[in-house]
Amino acid sequence: MTNKAVALSLLMLAALAGAAQAAPTRKESWGKPGISYLKYRTDAADCLHYVETQAPVKLPLVDVVFEMDMAVDPEGGLNAMYAYADQQKLHMNRNWREVRRQATGAVETCLAGRGYTRFKLTKAEREELEGLRVGTPARQLYLWRLGAEPR
């Protein structure tokens with residue numbers, strides 16, 4: 002895998018987590034009543050693959066590399082990048098927002114095609130969600146539980 006592919010893959014994963022969990026605003030999420038957690042996570046992985054093939058993200062590599070402030074090793078670099086992102090608790094910035102902008106349409110198409118619909122989060126749900134870090138199992142379980150309940 003090339004340096005560019007590794008870097009963009011990390012950015013895409015983070016952006017998709019945000020897009021799939023809170024698109025189009027932080028007041029909404031996606032759900033499918035009655036879905037099992039296994040199917041929910043499988044659909045997330047399938048939609049990631051769909052977006053990678055249907056909406057390839059374009060960012061200047063120099064922006065990605067300077068943002069990371071680390072050397073990218075093409076051999077095993079993905080694990081190092083995940084560790085770096087976790088350690089630095091990377092925040093949404095211009096590059097992350099651009100990845101999200103480019104990927105959102107494909108994410109929404111994929112989710113809708115699998116029977117998911119948007120639903121509004123209550124104020125209490127939004128507040129609890131804010132306390133759960135993006136990409137963590139606790140956040141994934143919380144959003145699955147909300148989305149799997151009939152509204």
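Here the numbering used here runs 1 ahead of the position in the sequence shown, where the first position is 1.
The C-beta atom is built at its ideal place from N, Cα and C for all residues, glycine as well.
Since this is a predicted model, take the numbers as computed values, not measurements.
Pick from the options that is closest to residue i, judged by C-alpha positions
| i | options | result |
| --- | --- | --- |
| T123 | E131, L39, E53 | E131 |
| K28 | P151, E150, L144 | L144 |
| G116 | Q141, A149, P57, L142 | A149 |
| A56 | T118, T110, K121 | T110 |
| R102 | G32, E128, L39, V58 | V58 |
| T105 | C48, F120, T43, D44 | C48 |
| G114 | S37, Y38, D44 | D44 |
| E129 | F120, T118, L147 | L147 |
| W31 | T118, L39, Y38 | T118 |
Strand pairing of residue i, partner residues [DSSP]
| i | result |
| --- | --- |
| W31 | R119 |
Cutoff 7 Å; reference residue i; Cβ partners in own chain excluding five residues on either side
| i | result |
| --- | --- |
| A107 | Y51, V52, Q55, A56 |
| G46 | Checking the displayed sequence, the identity of residue 46 turns out to be Ala instead of Gly. Cβ neighbours of A46 beyond the five flanking positions: none. |
Contact set for residue i: own chain, Cβ-Cβ below 6 Å, skip 5 residues either direction
| i | result |
| --- | --- |
| Y41 | W145 |
| P25 | Its pLDDT being 38, under 50, P25 is placed unreliably in this model, and the value from its coordinates should be taken loosely. Excluding residues within five positions, none has a Cβ falling inside 6 Å. |
| Y38 | W145 |
Contact set for residue i: own chain, Cβ-Cβ below 8 Å, skip 5 residues either direction
| i | result |
| --- | --- |
| L133 | A139, R140, Y143 |
| P151 | P34, G35 |
| F120 | E29, S30, W31, G32, L147, G148, R152 |
| R127 | R27, K28 |
| L112 | A21, W31, D44, C48 |
Residue i Cβ short of 8 Å to the ligand NAP heavy atom set
| i | result |
| --- | --- |
| R102 | The ligand NAP is absent from the structure shown, which contains no ligands of any kind. |
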